[in-house]
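**Student:** Start counting the sequence shown at 1; every next residue gets the next number (the numbering used here).
Glycine is no exception: its CB is placed at the ideal position from the N, C-alpha and C atoms.
Since the structure is predicted, the reported quantities are computational estimates derived from the model, not experimental observations.
Here it is: the structure, laid out below.
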Amino acid sequence: MNSMTRVLGIETSCDETAAAVVEDGRIIHSNIVASQIELHRRYGGVFPEMASRQHILSIVPVVRQAMDKAGVGWKELDAIAPVYGPGLAGALLVGLNTAKAVAFAHSIPLVGVNHLEAHIYANWLIPEEDESAPPTPTFPLICLVVSGGHTDLVLMRGHHDYERLGRTIDDAAGEALDKVARLLNLGYPGGPVIERIAQGGDPTAFDLPRALQVGAYDFSFSGLKTAVLRLVQELQPAQGIDSEPRGQKLADASVEGSGAQLPLADIAASFQTAVVDALVTKTVDAAERFGATQVLLAGGVAANRLLRAEMARRSPVPVRCPPIRLCTDNAAMVAAAAHYRFISGVRSGLDLDVVPALALVNPQHHA
Ligand code: KG4
Ligand code: ZN
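So this is what it looks like as structure tokens:
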């Protein structure tokens with residue numbers, strides 16, 4: 001599977017408007033991400049209608065910037081690759097329709113991309129600072145896809161060959177991090193703030209449940225979330241939870257200062273360790289059982305340093321993860337995934353529609 005391509009990836013599935021130009025699915029020529037985090041922070045999560053409106057404002061400048069930075073013209077593109085699912089319908093529509101307009105106007109092939117596949121293919125990208133160009137991942141491999149909306153454990157025997165071994169039966173890992181952060185009034189998104197606050201805490205301070213007994217490779221995080229809620233209620237029976245968000249700055253301060261109220265660092269560290277332990281235990285089991293040559297991490301939660309370190313420590317085979325900035329939503333990963341679809345002959349029609357609940361294994365999406 002090799003042929004020179006230049007692909008423009010477009011990502012608008014949630015709260016990042018992103019565009020990137022990638023060569024051969026690996027070399028990043030530009031990777032522009034306009035984040036809406038500040039906009040959504042005040043709501044404690046993504047506000048879908050606002051996300052769509054912001055994508056509409058950002059998409060043209062972001063695509064222009066990606067093309068300018070890469071120094072390519074439309075005629076030098078082999079494909080335009082928008083994400084068409086999973087994600088928020090109104091948000092996905094902005095990227096998909098923009099891509100269709102450009103594809104139609106300049107007669108460039110359109111290749112619709114599954115957002116989860118894009119997260120996985122971030123592992124094929126060569127990190128910009130890496131001059132040694134690591135070899136591409138080897139099959140069979142086990143990939144743990146952990147994002148705000150998904151927690152999937154997948155066996156890949158080759159390109160585009162996904163066998164989903166397990167998934168979350170309730171909250172996704174990122175969703176659990178976001179919900180517990182909201183519960184502790186730490187702000188949005190929860191993963192990075194929990195990671196930061198946990199640094200000063202004792203991960204053995206509180207014994208929280210791991211839910212390892214659910215289906216062999218399925219995950220469950222809602223019990224853990226409830227356990228944190230109960231813990232907080234026990235520790236702070238009179239006050240309950242503050243109604244005023246502590247915000248990021250206050251969260252820092254509360255670790256030492258107002259942290260006298262709640263041992264936030266210890267709670268965050270114990271909770272983070274419980275999430276990571278459940279994820280690593282099942283991934284490592286699957287890697288052993290299915291004779292994987294590698295373990296791949298993918299999705300926003302793969303940015304978590306404890307998850308990366310524990311997986312590397314406990315896995316019987318080498319662990320790969322994208323550089324941290326390529327774990328969270330971006331369009332370089334979209335272009336990378338599109339390259340491998342494109343060279344296997346996939347082309348999408350201009351009638352391609354958004355599929356908000358698109359799964360990783362979807363017959364429509366196979367070549
Ligand atoms: O993949 P992503 O950017 O968007 C989705 O496709 O959902 O993932 C976002 C999720 C959020 O739940 C966020 O809290 C989590 O990834 N996240 C992290 C970290 N950075 C982002 N979780 C743990 N540690 C991090 N450093
Ligand atoms: Zn994502």
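Which value, in whole angstroms, describes the spacing of the CA atoms of residue 263 and residue 211?
**Tutor:** The count along the sequence shown starts at 1 and reaches residue 263 at position 263. The count along the sequence shown starts at 1 and reaches residue 211 at position 211. Roughly 24 Å separates the two Cα atoms.
**Student:** Which residues mark the beginning and the end of the alpha helix (DSSP H) in which residue 115 is found?
**Tutor:** Locating residue 115 in the sequence shown gives position 115, counting from the first residue. Looking at the DSSP string, the run of the alpha helix (DSSP H) that includes residue 115 is 115 to 121.
**Student:** With DSSP as the reference, label residue 429 as helix, strand or coil.
**Tutor:** The structure shown does not extend to residue 429, since the chain is modelled only from 1 to 367, so the question has no answer here.
**Student:** Do residue 204 and the ligand KG4 come close, with the Cβ less than 7 Å from some heavy atom?
**Tutor:** Numbered from its first residue, the sequence shown carries residue 204 at position 204. Every heavy atom of the ligand KG4 is 7 Å or more from the Cβ of residue 204, so no.
**Student:** Could you tell me which residues DSSP pairs with residue 294 in its beta bridges?
**Tutor:** For the purposes of this step, residue 294 is taken as the residue at position 294 of the sequence shown. Note: residue 294 sits in a beta bridge opposite 141.
**Student:** Smallest Cα separation from residue 273: which of 221, 290, 286, 233?
**Tutor:** As a first step, residue 273 is located in the sequence shown; it is residue number 273 there, counting from the start. Taking only the C-alpha atoms, the option nearest residue 273 is 221.
**Student:** With DSSP collapsed to three states, give me the class of residue 329.
**Tutor:** Your numbering for residue 329 matches position 329 in the sequence shown. Coil, per DSSP.
**Student:** Return the CA-CA distance between residue 257 and residue 200, expressed in angstroms with no decimal places.
**Tutor:** For this step, residue 257 is matched to residue 257 along the sequence shown. For this step, residue 200 is matched to residue 200 along the sequence shown. At residue 257, the pLDDT of 37 sits below 50, so the modelled position is not reliable; the number obtained from the coordinates is stated separately. For residue 257 and residue 200, the distance between alpha carbons rounds to 13 Å.
**Student:** Let me check understanding here. Comparing Cα to Cα, which of 160, 129, 178 lies closest to residue 147?
**Tutor:** The sequence position of residue 147 within the sequence shown is 147, counting from 1. With distances taken between Cα atoms, residue 147 lies closest to 178.
**Student:** For residue 219, which residues does DSSP report across the bridge?
**Tutor:** Stepping through the sequence shown from its first residue, residue 219 is reached at position 219. Its beta-bridge partners are 168.
**Student:** Just to confirm, is the Cβ distance from residue 31 to residue 296 under 8 Å?
**Tutor:** As a working note, residue 31 is residue 31 in the sequence shown. As a working note, residue 296 is residue 296 in the sequence shown. Against a cut-off of 8 Å, the Cβ pair of residue 296 and residue 31 comes out as no contact.
**Student:** Assuming residue 5 is part of the beta strand (DSSP E), what are its boundary residues?
**Tutor:** Counting from one through the sequence shown, the residue named residue 5 turns up at place 5. Unbroken run through residue 5: none, as it is neither H nor E.
**Student:** With three or more beta-carbon pairs closer than 8 Å as the criterion, would you say the region 6 to 25 touches the region 77 to 90?
**Tutor:** yes
**Student:** What's the call for residue 162, buried or exposed, on a 16-neighbour Cβ count within 10 Å?
**Tutor:** Along the sequence shown, one-based indexing puts residue 162 at 162. Classification of residue 162: buried, given that the 10 Å Cβ count is 16 or more.
**Student:** Find the nearest neighbour of residue 311 within the set 289, 143, 235, judged by alpha-carbon distance.
**Tutor:** Position 311 of the sequence shown, counted from the first residue, corresponds to residue 311. Its Cα nearest to that of residue 311, the residue 143 stands out among 289, 143, 235.
**Student:** Put residue 89 into one of helix, strand or coil per three-state DSSP.
**Tutor:** Mapped onto the sequence shown, residue 89 falls at position 89. Three-state result, residue 89: helix.
**Student:** Nearest-angstrom Cα distance between residue 9 and residue 98?
**Tutor:** Along the sequence shown, read from residue 1 onward, the residue named residue 9 stands at position 9. Along the sequence shown, read from residue 1 onward, the residue named residue 98 stands at position 98. Roughly 11 Å between the two C-alpha positions.
**Student:** Can you find the residues in the same chain that come closer than 7 Å, C-beta to C-beta, to residue 158, ignoring five residues on each side of it along the sequence?
**Tutor:** Here residue 158 is taken as the residue at index 158 of the sequence shown, counted from 1. Once the five neighbours on either side are set aside, the close Cβ partners of residue 158 are 139.
**Student:** DSSP on residue 59, reduced to helix/strand/coil?
**Tutor:** Position 59 of the sequence shown, counted from the first residue, corresponds to residue 59. DSSP places residue 59 in helix when its eight states are reduced to three.
**Student:** To the nearest whole angstrom, what separates the beta carbons of residue 153 and residue 283, a pair I think is in contact under 8 Å?
**Tutor:** The residue given as residue 153 occupies position 153 in the sequence shown. The residue given as residue 283 occupies position 283 in the sequence shown. Sure, about 6 Å apart at Cβ, within 8 Å.
**Student:** Rounded to whole angstroms, what is the Cα-Cα separation between residue 365 and residue 114?
**Tutor:** Counting from one through the sequence shown, the residue named residue 365 turns up at place 365. Counting from one through the sequence shown, the residue named residue 114 turns up at place 114. With a pLDDT of only 43 at residue 365, under the threshold of 50, the placement of this residue in the model should not be trusted, and no figure is reported.
**Student:** Give the straight-line distance between the Cα atoms of residue 180 and residue 149, rounded to the nearest whole angstrom.
**Tutor:** Locating residue 180 in the sequence shown gives position 180, where the first residue counts as 1. Locating residue 149 in the sequence shown gives position 149, where the first residue counts as 1. In a straight line, the C-alpha of residue 180 is about 15 Å away from that of residue 149.
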